[in-house]
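Just so you know, we're using our numbering here: the sequence shown kicks off at -5 and counts up by one. Ideal placement from N, C-alpha and C gives every residue a C-beta, glycine not left out. Reviewing the structure listed below.
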Amino acid sequence: MSVRGDPAAAAPGDETAEELLARVRGMVPAAVGAATAAEGFPGRWKAIAAKLGAFPARLSDLSSHPCFARNALCRELLHSVAATLADAAELAARCRGPPRDGKLQTQSAIDALGARLDVNLRDCALLVRTGVLSDSDASAVAAPATAQADVRELLARLQIGHAEAKTRAVDGLLDALNRDEKSVVSVLGRANLSALVQLLTAPAPKAREKAAMVICRLAESGGGACEGLLVSEGALPPLIRLAESGSSLVGREKAVLTLQRLSASPDVARAIAGHGGVRPLLEICQTGDSVSQSAAAGALKNLSAAPEARQALADEGIVRVMVNLLDYGTVLGSKEHAADCLQNLTSGGDSFRRAVAHDGGLRSLLLYLDAPSPQESAVRALGNMVDAISPDTIVSLGVLPRLAHALRAGSPGAQQAAATAICRISASGSRDMKRLVGEHGCIPLLVRMLDAKSAGAREAAAQAVASLAAGHPGNAREVRRDERSVPSLVQLLEPSPANTAKKYAIACLATLSPAKRCKKLMVSHGAIGYLKKLSDMEVAGARDLLERLQERGKLRSIFGSKNQ
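Here you go:
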């Protein structure tokens, strides 16, 4: 409140709020008279006098509140106003003659006084508008309400007073978040968040750091409404600047973590890119500590998921940074985010895939996939890349063994991604390439996936098995030898609209149907009933396969009637 410190600390404790108010009101006319009589800088002193004249109305608004006398903030504010009025009268008295301190110094002192008056007038209005005065009766209600009242007072202090007082309020808010996060979030308002955002650009590094800490906590726990308010109140530019050049390691780290959290929204991700956030995030990926590096990589992953932001990312050199992070990231989280980012980029078209290949991304992805449990996004990025590289490269770099490893040891998502990649290789590759896929042990693994829980995984596996079996006789023999293949494929003939694998199951069974044993298995597992329904639904290939399976029964019927 007073720019010289906390006036409440030095105030006499036996003065009631009403007595303090009366004293302050009595000081106004003297201060106005002194300002009116001051010489030199007439325009400035006229403005000072007008501001002093506005105090009676503001003080009346404050004192008319029923809880005025019971609120500590009111007393603190009145002490601050009293100190400002005393300083105004003293400075005006010194200016009745030639300035003793020099013209420039006197002008600076008058301007500082005007700024203090503005703060006091604004604080009087804010104290009424925030509603914190009504919380002074909180001691008469339940404990949760008391906690909320304390939080409201802290939030009010973010908007009222001088920088040091606001910094202490942020300290109290951090303590309140640690004690009862929900109480803080429940009483947050736009004005409170706006005050926190303004502290991100405060002159004092400590204030910026603590504001970043609170905003980071709120972004993590406040839900979509809180995040939306932070963005609408202009938090992104100061967060980006703090991440880029903040003097405090903690402040920079919290700023990056907040950007990561906020960038989960596609709209915010595009806004971060638009505010110049790409380059600072890339620099942190290369130079930051492990926490900041991981958070920056996570934010860039979110940005890369927005198609409109990808070109800006590419122009800033994101591919090389992500490839390097995939190779040398200091923590696992950084590597995971880098793989996610490369997946998003390689889904954006051939130019991005060529850029990843040019910067060594294919080799890095393959090395990353040697992990005991291959990551889904890395497998998907590799699958995106196979369209942009030659069959010889696929063989020479060992793509097929990595895909087989993903089928064998990856998560369900990684297995599905590997099956999809094999489909792409099979669809565009030669007969020899399909043979090589089979020789790397992919067929039994794909057959096992035909019974996967996920419909997408079953479809990817059925498509890959159908393509590989039709593309090379050796693959077809291996599918026939697997005891699970025909029963699983028949189950995929189920005619439900949700079953997206049925057309590939039909194609694969058609490839296997020339073998008598397979045909018997199809019939014994109920394929004819399924195919009749699919034929009525005019699913491609269903009628032809049905006729093949029924041929043997028709011949038996004909020869049986002749023998009779």
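Starting from residue i, trace the alpha helix (DSSP H) in both directions and tell me its first and last residue.
i: Gln369; result: Note, Gln369: premise wrong, no alpha helix (DSSP H); not H, not E.
i: Gly561; result: Because the chain here runs from -5 to 558, residue 561 falls outside it and cannot be looked at.
i: Phe346; result: 344 to 352
i: His399; result: 393 to 403
i: Gly166; result: 157 to 173
i: Phe49; result: 49 to 57
i: Leu182; result: Run containing Leu182: none; DSSP gives neither H nor E here.
i: Ala501; result: 496 to 506
i: Asp81; result: 66 to 88
i: Arg475; result: 467 to 475
Using the Cβ count rule (16 or more neighbours within 10 Å means buried), how would you classify residue i?
i: Pro467; result: exposed
i: Asp530; result: exposed
i: Lys527; result: exposed
i: Val244; result: exposed
i: Tyr322; result: exposed
i: Ala51; result: exposed
i: Glu84; result: exposed
i: Arg173; result: exposed
i: Ser298; result: buried
i: Gly377; result: buried
i: Ala219; result: exposed
i: Leu363; result: buried
i: Leu339; result: buried
i: Pro274; result: buried
i: Val389; result: exposed
Could you give the DSSP three-state label for residue i: helix, strand or coil?
i: Glu9; result: coil
i: Thr195; result: coil
i: Met443; result: helix
i: Met531; result: coil
i: Gly541; result: For the sequence presented, residue 541 should be read as Glu rather than Gly. Three-state DSSP puts Glu541 in a helix.
i: Gly423; result: coil
i: Ala136; result: Unreliable positioning characterises Ala136 in this predicted model, as indicated by a pLDDT of 37, which lies under 50. A coordinate reading is not provided.
i: Thr324; result: coil
i: Ile42; result: helix
i: Asp283; result: coil
i: Thr252; result: helix
i: Ser257; result: coil
i: Ser384; result: coil
i: Ser518; result: helix
i: Glu33; result: coil
i: Glu227; result: coil
Could you tell me how far apart the beta carbons of residue i and residue j are, in whole angstroms, since I believe they sit closer than 8 Å?
i: Ala150; j: Leu182; result: Wrong, their Cβ atoms sit about 12 Å apart, outside the cutoff.
i: Ser257; j: Ala293; result: 5 Å
i: Met379; j: Ala351; result: 7 Å
i: Val373; j: Ala412; result: 5 Å
i: Ala189; j: Leu152; result: 4 Å
i: Ala29; j: Leu46; result: 6 Å
i: Val480; j: Met516; result: 6 Å
When you compare each of the options to residue i by their alpha carbons, which one comes out closest?
i: Ala163; options: Tyr322, Ser177, Gln369, Leu193; result: Leu193
i: Pro438; options: Leu85, Ala463, Met427; result: Ala463
i: Ser422; options: Ala80, Asp381, Ser390, Gly432; result: Asp381
i: Arg38; options: Ala25, Arg314, Asp105, Gln254; result: Asp105
i: Gly228; options: Ile266, Ala198, Pro197, Met207; result: Ile266
i: Ser424; options: Ala449, Gly465, Ala29; result: Gly465
i: Gln457; options: Pro481, Glu433, Ile500; result: Ile500
i: Ser259; options: Glu147, Leu230, Pro274, Ser239; result: Leu230
i: Arg474; options: Glu9, Ile234, Cys502; result: Cys502
i: Thr505; options: Arg146, Ser448, Glu472; result: Glu472
i: Tyr498; options: Arg304, Ser54, Ser461; result: Ser461
i: Pro366; options: Ser288, His399, Phe35; result: His399
i: Val179; options: Ser215, Gln101, Ala249; result: Ser215
With 8 Å as the threshold, decide whether the Cβ of residue i is near any Cβ in chain D.
i: Asp144; result: Although the question refers to chain D, the structure presented lacks it and comprises just one protein chain.
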